Structure formats: structure tokens, C-alpha cells
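Numbering (our numbering), first residue to last: 1380 to 1657.
Below is one structure, written out as C-alpha cells, with a few remarks after it.
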Ligand SMILES: C[S@@+](CC[C@H](N)C(=O)[O-])C[C@H]1O[C@@H](n2cnc3c(N)ncnc32)[C@H](O)[C@@H]1O
């Protein structure tokens, strides 16, 4: 197998410039040992643009007025859209068994806003919608679910609602049969659940774009902070804290901890799952 890095070298100086720019724009940080990975991911884009060095590509990304279009492509190639239905379901059970009933008890008139903040191809917010539907909460409470991701390609797939086998590795069989229709070798989410989730493109680092979303009662921001540096996570979490109502509930992935990052939120066990509570 031939790697692009063999044809287009990424000198250390260009790597340092590029990774800082990428960190600023996307939050994703490439450590020293990951230079080759970045090189392989970006090389096709550099060549397609007609540049023959990473440094030229860096200047284009940094200074060209049209570079915002290219950044969408950068997000698409850097994105790790690994996700599946029923992932870390304990947290979603806590939402259904504790947070939703409490909201209903205390603030029935206020729509409950749930945001899946880096939803990749949509399995996470759709799991939430299915669980809410299963427990009949859509009939009793006005619930808004948003799913966003910085990768346009992923959001287009989420809007399509077609999934392959690998997305179903954890889902109960009866749920799969009830909510998905076979289409060729893929499965389509039923329309009534699909339309419960509003999908859009949003970069977590562009605070003006997530200003309204961050005012959600519940934020699922799972398995994305693992790619970010501490400073970037701190900024995003601080912004969530400022915008969220109280009580507000922030769920991060099982492999992620905010203990060194924030003392704003309190880490609590809710319905058997860990949650950062405002
Ligand atoms: C591993 S997936 C997590 C999906 C889902 N939350 C889960 O836990 O199954 C990580 C997602 O984060 C997205 N992402 C990376 N940087 C982002 C940013 N700055 N803003 C929004 N999404 C971002 C990627 O595009 C990718 O789809």
C-alpha cells in the first residue's frame, strides 16, 4: 500500500503551523507522533487543490477568502464518525428515567431541549428519540432534539437516515425491527422518529453558531473531547455552563473526564450514570 506521505512530505515546520491552525479552527489536536496520520489525511486535499506543498495549503487555509469551503472538506477528512445506536445507553436511560420526569414535574410548560453536540451520522440523537418514543414522553411533554456535527458529510448522512449493520451492534433486535425498514443492504429509520431530530452543521468552536443550542437543558457531547486539547475543552465547557439553564445536564463519553477541566459543573450520579450538572 502506498501512502500519500511518501509523495508529499510534511516538514516539521509546516506540520507545526498546520496543526496549530487546525487546533484553532476545529479543536482537534495532532500530537508530535501523529504527523504521518495528519499528512495522509490531508494529502489528497492538498493535491486536489493543485498545491505541491503543505505550506502552500496552509497559507491557502489561513488567508484565502474562499477557504471556508475548504474547511468543510478538512472537517470531513479529519472527522472520526465512529458511532452506533444504543452507545453508552446508561446515560440515555438516566435522561429518560430521571431528567425527563423531573422536568415534567417542575417545568411542564417549558419545552425540554436536548442537544447531541457532535452526533456524527445521527445514531445518538435517534437513540434518544426512539427511547423517548418508547416511554411515551413525546405525548406528555414538548421535547426538542437537535443533532449537530461539524462534518457536513456526516450530517447529510444523518438527514438521509440510512444505516449499515455496524450501526446496530448494540441495539435490541425488537427495537431494530420496530424502527427500521430494510432498504437493500441498509436500514432506514422510520419517518416519525427521523423527523423528531433536527440535524444541522455546527462547529463547537464557533460560539455564535452554537449560541442557541448551548442553552439546551441537556447536552450530550460524547466522544469528541478525546480529540481536543485541554484548553479547547475548557473554553467549550465554560461556554456551555454560561448558556445552559439551571438545572442543566452535560453528558460526556465514558472515556472523557472534566474533573481537571471545570469546577463549574458538579459531577453527579443520576439514575446510575455520571453527569455534569449545572
Ligand atoms: C467519534 S464521533 C462521536 C459521535 C457520538 N457523539 C458518539 O458518541 O457516538 C466524533 C464526532 O465529532 C465531530 N467533531 C470533531 N470536531 C468537531 C467540532 N469542532 N465541532 C463539532 N463536531 C466535531 C466529528 O466530525 C465526529 O463526527
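Every residue, glycine too, gets a C-beta built ideally from N, C-alpha and C.
In this text, all values refer to a predicted model and were calculated from it rather than measured experimentally.
- Residue 1651 sits in coil when the DSSP states are folded into three classes, being neither helix nor strand.
- For residue 1523, the uninterrupted beta strand (DSSP E) segment begins and ends at 1522 to 1528.
- Closest in C-alpha terms to residue 1449, from the list 1618, 1644 and 1401, comes 1401.
- Every beta strand (DSSP E) stretch that sits fully inside the region 1507 to 1573 and reaches 3 residues is listed by chain position as 1522 to 1528, 1559 to 1562 and 1565 to 1568.
- For residue 1527, the closest of 1488, 1652 and 1583 by C-alpha to C-alpha distance is 1583.
- Bounds of the alpha helix (DSSP H) holding residue 1422 are 1414 to 1427.
- The C-beta distance from residue 1533 to residue 1626 rounds to 30 Å, too long to meet the 8 Å contact threshold.
- Counting only residues of its own chain and dropping the five nearest sequence neighbours on each side, residue 1514 has a CB closer than 7 Å to the CB of 1475.
- When the alpha-carbon of residue 1579 is set against those of 1608, 1455 and 1537, the nearest one is in 1537.
- The alpha-carbon separation between residue 1629 and residue 1599 amounts to approximately 6 Å.
- For residue 1392, the enclosing alpha helix (DSSP H) starts and ends at 1391 to 1405.
- In this chain, the alpha helix (DSSP H) harbouring residue 1450 covers 1446 to 1457.
- DSSP places residue 1615 in the helix class (H, G or I) of the three-state scheme.
- For residue 1624, the closest alpha carbon among the candidates 1592, 1609 and 1608 is that of 1592.
- With distances taken between CA atoms, residue 1405 lies nearest to 1458 out of 1458, 1438, 1642 and 1541.
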